[in-house]
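Enquirer:
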Amino acid sequence: MKITEQLTSAVTQVGDFMTLASKDVSGMLSVLNDLLGPVPQPNAPSKLEQRASAAGMIDVIRGWQAQDNAPPATEAEIKQFFTPEELTQFSNETGLSDTATLSMLQTLLPRCVRRRALHEPFPPPA
Numbered sequence: 006m007k008i009t010e011q012l013t014s015a016v017t018q019v020g021d022f023m024t025l026a027s028k029d030v031s032g033m034l035s036v037l038n039d040l041l042g043p044v045p046q047p048n049a050p051s052k053l054e055q056r057a058s059a060a061g062m063i064d065v066i067r068g069w070q071a072q073d074n075a076p077p078a079t080e081a082e083i084k085q086f087f088t089p090e091e092l093t094q095f096s097n098e099t100g101l102s103d104t105a106t107l108s109m110l111q112t113l114l115p116r117c118v119r120r121r122a123l124h125e126p127f128p129p130p131a
């Protein structure tokens with residue numbers, strides 16, 4: 006990694022920390038729910054379920070739907086389920102760095118999938 010890339014990465018991490026951007030999940034949840042579209046129904050799978058099925062990864066989604074405390078998604082799963090353009094949209098709309106966006110999605114996606122499976126709304130931000 007070049008010195009300029011290291012410096013840019015360090016500045017980005019400091020910016021994410023100083024603004025507590027990685028603690029504000031309300032914007033990320035809004036973007037995530039918008040992107041996922043309607044809550045899945047038995048004969049109408051969500052966009053995420055369609056992508057997971059096409060990639061042979063529907064068991065991952067089914068696991069998240071069934072577990073209250075599912076482990077975080079992997080980076081590979083996030084990159085399989087979302088296009089680079091969608092990941093950029095998450096970053097742009099939340100103001101997070103690419104690294105912070107990926108980290109938050111890894112944590113939030115399984116929780117969001119579970120709540121949507123139960124048709125539970127997310128609580129409003131405090």
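Heads up, the sequence shown is in this note's numbering, so the first residue is 6 and it goes up one at a time. We put the beta carbon where it would ideally sit given N, CA and C, even for glycine.
(1) Looking at the unbroken alpha helix (DSSP H) that takes in Thr-93, where does it start and where does it end?
(2) Quick check on the burial criterion: 16 or more other C-beta atoms within 10 angstroms. Buried or exposed for Ser-102?
(3) If Ala-45 sits next to Arg-119, beta carbons under 8 Å apart, how far is it from one beta carbon to the other, in whole angstroms?
(4) What's the gap between the Cα of Ser-31 and the Cα of Arg-116?
(5) Mind checking Glu-80: buried by the 16 CB within 10 Å criterion, or exposed?
(6) For Ala-78, which beta-bridge partners are listed by DSSP?
(7) Looking at the C-beta of Asp-64, does it have a partner C-beta in chain C at a distance below 8 Å?
(8) May I ask you to report which of helix, strand or coil DSSP gives Gln-46?
(9) Rounded to a whole number of angstroms, what is the C-alpha to C-alpha distance between Glu-91 and Thr-104?
(10) What number of angstroms, rounded off, separates the C-alpha of Ala-75 from the C-alpha of Gln-94?
Expert: With the given structure in hand:
(1) Here the alpha helix (DSSP H) through Thr-93 covers 89 to 99.
(2) buried
(3) One point to set straight first is that residue 45 is Pro, not Ala, in the sequence displayed. Taking a contact as a CB-CB distance under 8 Å, the pair Pro-45 and Arg-119 does not count as one, their CB atoms being some 12 Å apart.
(4) 13 Å
(5) Counting Cβ neighbours within 10 Å, Glu-80 comes out exposed, since fewer than 16 surround it.
(6) Partner(s): none; Ala-78 has no beta bridge.
(7) Absent from the structure is chain C; it holds one protein chain and no more.
(8) Of the three classes helix, strand and coil, the one that applies to Gln-46 here is strand, per DSSP.
(9) 14 Å
(10) 25 Å
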